[in-house]
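Sequence positions in the sequence shown follow the working numbering and run 17 to 206.
Every residue, glycine too, gets a C-beta built ideally from N, C-alpha and C.
Remember, predicted model here, so these are calculated numbers, not experimental data.
Structure first, then comments.
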Amino acid sequence: MKGFVREHPAFSLCGLNCALCGLHLGGHCPGCGGGEGNQSCALARCGMAHGVAYCTDCPLYPCARYEGADEEDNSFISTMHRRQDLSRMAAVGETAYLEQLSERAEVYRALEARYNDGRRKTLFRQAVNLLPLEDVRALLPALEAEVRADEDVKSRAARAAACIAKRAEQQGISLKTRKKPAQPSPTPEE
C-alpha cells in the first residue's frame, strides 16, 4: 500500500507474526509495511489514520475488527493468535518480542532444512508459532538426540513430526489445520 512503511515488518500492526508466515519465509512477501508487494489492507489504512504502530496503541482497541479474530481458521497460521501475540509483545516489549520471533524463525528454517520431506512445512510453521518458546528452543536438541544420522529424509521427517506432535499434545495444542467451511454454491433456479 502506498505510503505504508513500518520499521519492523516482521510483526504486523494487527498482530500477525509475519516473520513466521510461509509467504514471508519464502521471500514472497516483505511483511507488514515492508515495502513493495504489500496489498491493500483495511487495518493498515486504519492504523495510518490513527497514527499508531500497533493496534494496541489505538484508544479504540480492541475494536470490532478483532471480534472472533482468534477463532478464525488456522490455515493461515499467523492469524490464529493475533490478540494474544499483541498482548505478549506489549508485555515483553517490542525489541524482545521481535527477537523471539527471529529465534522461532531460525528454528523453523533449521527444521525445514534438516527434516522436511516436502510435506512438513505447514506442521513446522504451526509448531514454531503455537508452541511455547521453551518448547521451540528444545525441539532441535531433542530431534538431534532422537534422529539417526543414517536415516533417509522421509524417516527423519516422520520422527520429527512425531516428536513435534508429542510436544504439542503435552501442551494441549492442536497442530491440525482447520479451514473455514466452504460456502454452499447457489442452486440454479429452475
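Pairwise C-alpha distance: residue j and residue i
i: R104; j: S28; result: 13 Å
i: S56; j: C62; result: 11 Å
i: P148; j: M64; result: 32 Å
i: V21; j: E162; result: 44 Å
i: Q187; j: A178; result: 14 Å
i: V108; j: E160; result: 30 Å
i: R136; j: A80; result: 35 Å
i: A154; j: A143; result: 12 Å
i: R164; j: A121; result: 24 Å
i: E110; j: P157; result: 28 Å
i: H97; j: L146; result: 8 Å
i: A112; j: D166; result: 38 Å
i: A176; j: A106; result: 32 Å
i: A69; j: H40; result: 20 Å
i: D151; j: G43; result: 26 Å
i: E23; j: G38; result: 21 Å
i: R130; j: L76; result: 45 Å
i: A173; j: L114; result: 28 Å
i: A58; j: K170; result: 42 Å
i: K182; j: G31; result: 27 Å
i: E119; j: A126; result: 11 Å
Own chain residues within Cβ distance below 7 Å of residue i, not counting five before or after
i: Y82; result: R99
i: P25; result: C34, P46, G47, C48, G49 and G50
i: L117; result: A26, F27, N33, A35 and L36
i: P78; result: R99
i: E128; result: K137 and F140
Own chain partners of residue i with C-beta closer than 6 Å, once the 5 adjacent residues on each side are dropped
i: H66; result: C74
i: I180; result: A143
i: T72; result: L102 and A106
First through last residue of the alpha helix (DSSP H) which encompasses residue i
i: L191; result: From DSSP, L191 is part of no alpha helix (DSSP H); its letter is neither H nor E.
i: H66; result: A58 to H66
i: G43; result: Neither: G43 is in no alpha helix (DSSP H) and is coded neither H nor E.
Cβ neighbours of residue i in the same chain (closer than 8 Å, five flanking residues each side left out)
i: S190; result: A184
i: D168; result: none
Going along the chain, which unbroken runs of the alpha helix (DSSP H) with 4 or more residues stay wholly within the region 75-157?
Listed in chain order, the alpha helix (DSSP H) elements of length 4 or more contained wholly in the region 75-157 are 98-108, 110-131 and 137-146.
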